[in-house]
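What follows is a set of notes on a single structure, which appears directly below.
There are 2 protein chains.
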Amino acid sequence: MTTARYYHAGCPVCIEAEQTLLGLLDPSINVEIVHLGEQAQRVSEAEQAGVKSVPALVVEGQVLHLNFGAAIADLK
Amino acid sequence: MTTARYYHAGCPVCIEAEQTLLGLLDPSINVEIVHLGEQAQRVSEAEQAGVKSVPALVVEGQVLHLNFGAAIADLK
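One line per chain: the protein sequences are A and B, in this order.
Residues in the first sequence are numbered consecutively from 1, following UniProt numbering.
Residues in the second sequence are numbered consecutively from 1, following UniProt numbering.
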């Protein structure tokens, strides 16, 4: 089973992208949604995965930055 | 059936995002792949859909800009 992480910060761009994207994904994909505004301790995990801005989807080592809500640096 | 359009310009960022994203989508979604470098006459269609840069996925009036390959203005 493929596991993906959707990192966001609760911003309007993040929520809109989430609604658009997650409805399109294969139902077999397990998506963990990580709100970095509420889980600030996971910002470094996102950075290490290559996330530069949110919202972003990380899957199998690849990062898809979706539109632009906030820079990761602004979440620290 | 949901129909989506994936606009790209053949750039490395475009191809990488395509490989990552399209494999994640629900198989029931019909994705039309539009290479704006080869179909320059469709740049205006993409712009009208709200595409600012490629690669981008347009679905049901929503635009997801994925990473950043090229600005739409540079494809004219």
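Beta carbons are placed, not taken as given, at the ideal position from N, Cα and C, and that holds for glycine.
All values derive from a computational prediction rather than experimental measurement.
In terms of beta-carbon proximity, A:Asn30 stays away from the interface with chain B, with every pair separated by 8 Å or more. Rounded to whole angstroms, B:Ala71 and A:Ile33 show a C-alpha spacing of 29 Å. With contacts defined by Cβ atoms closer than 8 Å, A:Ala49 and A:Val31 do not form a contacting pair. Straight across, the Cα-Cα distance linking B:Ser53 with B:His65 is about 7 Å. In the DSSP assignment, B:Glu45 falls outside any beta strand (DSSP E) and within the unbroken alpha helix (DSSP H) covering 43-48. Counting only Cβ-Cβ distances below 9 Å, B:Pro27 has contacts in chain A at Asp26, in chain order. Contact with chain A is found for B:His65, since one of that chain's Cβ atoms lies less than 8 Å from the residue's Cβ. Against chain A, the beta carbon of B:Gln48 has no neighbour under 9 Å; the closest one sits roughly 18 Å away. Within the model, the alpha-carbon separation for B:Gln19 versus B:Gly10 is close to 12 Å.
In the structure shown, B:Thr3 falls within a strand segment according to DSSP collapsed to helix, strand and coil.
Any Cβ of chain A closer than 8 Å to the Cβ of B:Ala40 would place that residue at the interface, and such an atom is absent. A:Leu57 is the residue among A:Arg42, A:Leu57, A:Leu24 whose C-alpha sits nearest the C-alpha of A:Phe68.
The C-beta of A:Ala40 has fewer than 16 other C-beta atoms within 10 Å across all chains shown, which makes the residue exposed. In the DSSP assignment, B:Val13 falls within the unbroken alpha helix (DSSP H) covering 12-22.
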